[in-house]
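For reference, the structure discussed in these notes is given below.
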Amino acid sequence: MFDNLPVLIVVTLLMTAFLAPLFIKKFRPLVYGVANAAVAAAACASAVLLRYALHTGPLYVAVGGWEAPWGIEVAITPLSSFVVLVVTSIVALVMVSMPREQVDWPSQKVGWYLTLVLLLTAALAGMTMANDLFNIYVFFEVTALSSFGIVAAKKERNAADAGQGGYFEGNVDIE
Amino acid sequence: MLAKLLHNYPYLIAALIFAVGCYTVLSHSNLMRKVIGINVMETAVFLFFVAAGNVRGGRPPIIDLQNPDQLYVNPLPSALVLTGIVVGVSVTALALALVVRINRQFGTIDADEIAAIRSRENV
Chain A
152 MFDNLPVLIV VTLLMTAFLA PLFIKKFRPL VYGVANAAVA AAACASAVLL RYALHTGPLY
212 VAVGGWEAPW GIEVAITPLS SFVVLVVTSI VALVMVSMPR EQVDWPSQKV GWYLTLVLLL
272 TAALAGMTMA NDLFNIYVFF EVTALSSFGI VAAKKERNAA DAGQGGYFEG NVDIE
Chain B
447 MLAKLLHNYP YLIAALIFAV GCYTVLSHSN LMRKVIGINV METAVFLFFV AAGNVRGGRP
507 PIIDLQNPDQ LYVNPLPSAL VLTGIVVGVS VTALALALVV RINRQFGTID ADEIAAIRSR
567 ENV
């Protein structure tokens, strides 16, 4: 019944992330609203999945009908859906207070910043639900890259330097 | 011992390339050279993975249905490395963008000079 829900969480966040910088110049409040709605929907979906996993048992979805050794498998256990719920609800709280912090930012920068935040959320959710090393690796890289971007986003000298430091130290242990 | 080491020469070469990259990252203070060093290290890791998946005398892993009982190369490390190369390119792009921003903010891309500027500012 909820077979497509785990994938939809990640896909919705990714699509919103890539659409945000396209429409931010003309519809800035609307884009904030849509991003808020996407994160809130992800939180609701993970709450539904948590309830399902607690009552009915864990859910294993083979994406695209390819079984585990060949295809991508998503695992919804009580623990993984709980972690996704925690991540998405924290991001939802962050999104609520975000417009007040960014009042004096130019629109284009806000768009790319929203992209980074939504990518980070999608990658964290995907990394938690993925059930194979390959996807964990890919989502881990996306998490790392977007968090370096968020660190370096502020227009300060120290922010750029901190991003660079995080890049070099983080990258060595990824390799 | 030496014969075994020479027999597994791809691993030896991967370790050497990794050491060269590591030395580049640690010994130069120019950020561009550090980025190049990280790329060299990446290449070493890719070589290591491909070498680990190789089977001597194995065929490319495309199964021939007429006679399937043949020795094939392990395709999994190659697939991982393919993704790794793509990720490596995007990581390099991010690093270069950060270097551009640092150059704009500090007027230099030398890590030692940046550290000096920051320590003067924070006093």
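Heads up: the protein sequence lines correspond to chains A and B, in order.
Here the first sequence stands for residues 152 to 326, where the numbers follow this note's numbering.
Here the second sequence stands for residues 447 to 569, where the numbers follow this note's numbering.
In this text, a Cβ means the ideal position worked out from N, Cα and C, and glycines have one as well.
Going by DSSP in three states, residue i sits in which element: helix, strand or coil?
i, result
"I555 (chain B)", "coil"
"N476 (chain B)", "strand"
"E224 (chain A)", "strand"
"R412 (chain B)", "Residue 412 (chain B) is absent from the structure shown; chain B starts at 447 and stops at 569."
How many Å lie between residue i and residue j at the Cα?
i, j, result
"L244 (chain A)", "R251 (chain A)", "13 Å"
"N282 (chain A)", "I223 (chain A)", "8 Å"
"T228 (chain A)", "A204 (chain A)", "6 Å"
"L544 (chain B)", "H474 (chain B)", "17 Å"
"Q315 (chain A)", "N513 (chain B)", "54 Å"
"V501 (chain B)", "F495 (chain B)", "12 Å"
"L462 (chain B)", "T489 (chain B)", "11 Å"
"Y211 (chain A)", "A198 (chain A)", "17 Å"
"A539 (chain B)", "I160 (chain A)", "28 Å"
"A304 (chain A)", "R564 (chain B)", "18 Å"
"G277 (chain A)", "R308 (chain A)", "33 Å"
Using a 10 Å radius around the Cβ and a threshold of 16 neighbouring Cβ atoms, would you call residue i buried or exposed?
i, result
"Y469 (chain B)", "exposed"
"G504 (chain B)", "exposed"
"E218 (chain A)", "exposed"
"Y455 (chain B)", "exposed"
"F169 (chain A)", "exposed"
Please report the residue range of the alpha helix (DSSP H) in which residue i lies.
i, result
"E252 (chain A)", "229-252"
"L269 (chain A)", "258-280"
"G300 (chain A)", "284-302"
"A171 (chain A)", "156-174"
Comparing C-alpha positions only, which one of the options sits nearest to residue i?
i, options, result
"A557 (chain B)", "B:L472, B:P523, B:P507", "B:L472"
"V537 (chain B)", "A:T294, A:P209, A:L230", "A:T294"
"Y288 (chain A)", "B:T529, B:A562, B:V519, B:A460", "B:T529"
"V162 (chain A)", "A:F291, A:A193, A:K177", "A:A193"
"P523 (chain B)", "A:A273, A:K177, A:L284", "A:L284"
"N549 (chain B)", "B:N476, B:M447, B:L448, B:F464", "B:N476"
"M280 (chain A)", "A:F299, A:D312, A:V235", "A:V235"
"P506 (chain B)", "B:A561, B:A525, B:A562", "B:A525"
If I follow the unbroken beta strand (DSSP E) through residue i, where does it start and stop?
i, result
"L200 (chain A)", "Taken as a continuous stretch (DSSP letters only), L200 (chain A) belongs to no beta strand (DSSP E), being part of the alpha helix (DSSP H) at 179-207."
"Y211 (chain A)", "210-213"
Just to check, is the beta-carbon of residue i closer than 8 Å to a non-hydrogen atom of the ligand NAD?
i, result
"G534 (chain B)", "By its list of ligands, the structure shown contains no ligand whatsoever, and the ligand NAD lies outside what it can speak to."
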